[in-house]
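For what it's worth, the working numbering labels the leading residue of the sequence shown as 661, then goes sequentially.
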Amino acid sequence: MSRCLVCLFTFNRPALMLNAVRSVERFLPGCDGIVLDDGSWVGGAAEALILVASEFPNWKTQTRERSDAIGLQGLYRNMADALSLAVEGGYDHCLFLEDDTQLVWQKPGQLNELDTLFAACPDAVQLQPLLYRRLNDYRDTMEYVRSARAYRTIQGFNTTAFWNMRVVRERADYGVVHAHGGSNLALNSAYWLKRGYRLYADARPNMAIIPWVTSHSAGAKTATGLGKRQDSDALILNPLSPGEVAALSQRPPHRLAMQEHFALSEGNCKRPVWHRRGEMMGLYYQRCHAAVKREDARGESPIHVTTVADVSACKLGPRRSHLDWRLPEASDRPTRGALRSAASACFPRCVKAAVRRSAAHGLARLKGHYAGYRELCRRLRREQAELRDVAETAINVSDESH
């Protein structure tokens, strides 16, 4: 039987971390796990780690000293440690996920599916198991490979994914790159793309990201306080219903599995957006408006993915921006004084321009963007109704066959 190490990365979100662990235990049972904490300091963080170790004997915890100067570098250092642990432990699979991610249904034989996929796709270094988010544009960034029953992408890395441990072990220079500054996502993607590998994505994903996670401040909840606040349920994504699982399995693969279609049971977030609740709403409406215009121009909703028959027949080039990405040289980095001077020089000009734009176009633009939000919501309702019809048909056919 395949052995899998689940590596959960967390920082200052103990309640989210606990719910993520419990979702793994519920929907991917029998795996070993480790929580890698990036030096959390909020109340309840230490207690949550102790609770994980006591409640789940197959889980371990590891805490790293954190320096504010390194930003997300600590996350990638923990990822490098986790992948080394998976190699040293002789695991067949390794799953990376972050604390705002939860499993939402159990896929029978998921680890066996991984064995089959990685054997069929020698260029696959990772398989991403996440439901897709509607406001992202996936066109020309992935293709459905019929023989692999998975999507091939133009990226080489994601922070939430199953690793192909055979590939990792074969490469003497394997690893997760962690450099100072930035998220390091593009750097790690380029690392694998330049070696001929790709990130694949699951056609029947079983993980989802909490849409409103940024609305919950790091110190708002503690491990012991979970459930005492009225909005604490927002930290737990409801599992997919049998109908949603049937619709997910029966839908045509050229239509991506959008989280807004499949993870919006009663109690989950109803709005198709991943920004802060109550903040940045102008940007939210703008993205909704852009999505509606994009879909109108293409005459299809949601995004249609191109299908290819064979694993080797790749029609997608690697992501160019990732291949061209490089670490900034010391001479390229502006000094703090230069940045302050530049900001001071342009600040009055920026403020005046913003005031003029706001006075002339702000209200009209906001109304137009909000109209795009309303239209997108209407489309979501229509598409969800179509998926319910698919699910009901699939369930009826299954009942008749029995």
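Glycine residues also receive a C-beta, built at the ideal position from the N, C-alpha and C atoms. Note that this is a predicted model, so its numbers are computed, not measured.
Within 9 Å, strictly: CB atoms of residue i and residue j
{"i": "L696", "j": "D741", "result": "yes"}
{"i": "H1029", "j": "G942", "result": "yes"}
{"i": "A951", "j": "R794", "result": "yes"}
{"i": "V681", "j": "G693", "result": "yes"}
{"i": "R1048", "j": "A907", "result": "yes"}
{"i": "R1039", "j": "S961", "result": "yes"}
{"i": "L790", "j": "V666", "result": "no"}
{"i": "L845", "j": "T819", "result": "yes"}
{"i": "C1135", "j": "W823", "result": "As shown, the chain starts at 661 and ends at 1062. That puts residue 1135 outside it, with no answer to give."}
{"i": "V764", "j": "L900", "result": "yes"}
{"i": "A708", "j": "A675", "result": "yes"}
{"i": "Y736", "j": "L916", "result": "no"}
{"i": "Q788", "j": "P865", "result": "yes"}
{"i": "Q766", "j": "L668", "result": "no"}
{"i": "P717", "j": "R806", "result": "no"}
C-alpha gap between residue i and residue j, whole angstroms
{"i": "Y751", "j": "R831", "result": "16 Å"}
{"i": "D992", "j": "A839", "result": "At D992 the pLDDT is 49, less than 50, meaning the model places this residue with poor confidence; the figure from the coordinates comes in the next sentence. For D992 and A839, the distance between alpha carbons rounds to 15 Å."}
{"i": "K888", "j": "E725", "result": "Below a pLDDT of 50, predicted positions are generally treated as unreliable, and K888, at 37, falls in that range; the measurement from the model is reported next regardless. When rounded, the distance between both Cα atoms is 30 Å."}
{"i": "K1027", "j": "M867", "result": "34 Å"}
{"i": "F922", "j": "A957", "result": "25 Å"}
{"i": "L711", "j": "V684", "result": "15 Å"}
{"i": "K720", "j": "Y804", "result": "37 Å"}
{"i": "G835", "j": "V828", "result": "8 Å"}
{"i": "E920", "j": "E1043", "result": "10 Å"}
{"i": "T670", "j": "N1056", "result": "42 Å"}
{"i": "S714", "j": "Q722", "result": "14 Å"}
{"i": "P768", "j": "L847", "result": "34 Å"}
{"i": "C664", "j": "G977", "result": "31 Å"}
{"i": "D833", "j": "L897", "result": "38 Å"}
{"i": "T1053", "j": "R911", "result": "11 Å"}
{"i": "T801", "j": "G703", "result": "41 Å"}
{"i": "V837", "j": "I870", "result": "27 Å"}
{"i": "G734", "j": "L743", "result": "14 Å"}
{"i": "G918", "j": "S981", "result": "According to the sequence shown, residue 918 is Met rather than Gly. Rounded to the nearest angstrom, the two C-alpha atoms are 25 Å apart."}
{"i": "A808", "j": "M739", "result": "27 Å"}
{"i": "G749", "j": "C691", "result": "13 Å"}
{"i": "R1025", "j": "E1035", "result": "15 Å"}
{"i": "L895", "j": "A705", "result": "16 Å"}
{"i": "D783", "j": "E955", "result": "32 Å"}
{"i": "A969", "j": "C1037", "result": "34 Å"}
{"i": "W985", "j": "A1045", "result": "43 Å"}
{"i": "W701", "j": "N772", "result": "39 Å"}
{"i": "D797", "j": "Y944", "result": "15 Å"}
{"i": "S909", "j": "A973", "result": "25 Å"}
{"i": "L886", "j": "R686", "result": "The predicted model places L886 with a pLDDT of 40, which falls under 50 and marks its position as unreliable; any figure quoted below should be read in that light. Whole-angstrom Cα-Cα distance: 19 Å."}
Nearest-angstrom beta carbon gap, residue j and residue i [assumed within contact, 8 Å]
{"i": "R858", "j": "G816", "result": "6 Å"}
{"i": "V971", "j": "A780", "result": "6 Å"}
{"i": "H964", "j": "G1032", "result": "No, H964 and G1032 are not in contact; Cβ-Cβ is about 20 Å, not under 8 Å."}
{"i": "R812", "j": "Y860", "result": "6 Å"}
{"i": "M661", "j": "D759", "result": "So it is not a contact: roughly 28 Å between Cβ atoms."}
{"i": "A821", "j": "Q786", "result": "4 Å"}
{"i": "A810", "j": "L983", "result": "Not confirmed; about 22 Å, so no contact."}
{"i": "T966", "j": "K975", "result": "7 Å"}
{"i": "S672", "j": "Q762", "result": "It is worth fixing the name first, because residue 672 is Asn in this sequence and not Ser. Rounded, the Cβ-Cβ distance is 18 Å, inconsistent with contact."}
{"i": "L814", "j": "R979", "result": "A small fix is needed here, since residue 814 is Ile in this sequence, not Leu. Going by Cβ atoms, the distance from I814 to R979 rounds to 4 Å, so yes, they are a contact pair."}
Q | beta strand (DSSP E) segments (min. 3 residues) lying fully within the region 706–780 | A | Along the region 706–780, the beta strand (DSSP E) occurs as fully enclosed runs of 3 or more residues at 719–723, 753–758, 761–763, listed in sequence order.
Q: Mind listing, in chain order, the continuous beta strand (DSSP E) runs of no fewer than 3 residues lying wholly within the region 804–875?
A: Fully enclosed beta strand (DSSP E) runs of 3 or longer: 810–813, 821–824, 858–862, 867–869.
Q: Pick out the complete alpha helix (DSSP H) segments inside the region 937–974, 4 residues or longer, and give them in chain order.
A: Counting only runs that start and end inside the region 937–974, the alpha helix (DSSP H) elements of at least 4 residues fall at 941–958.
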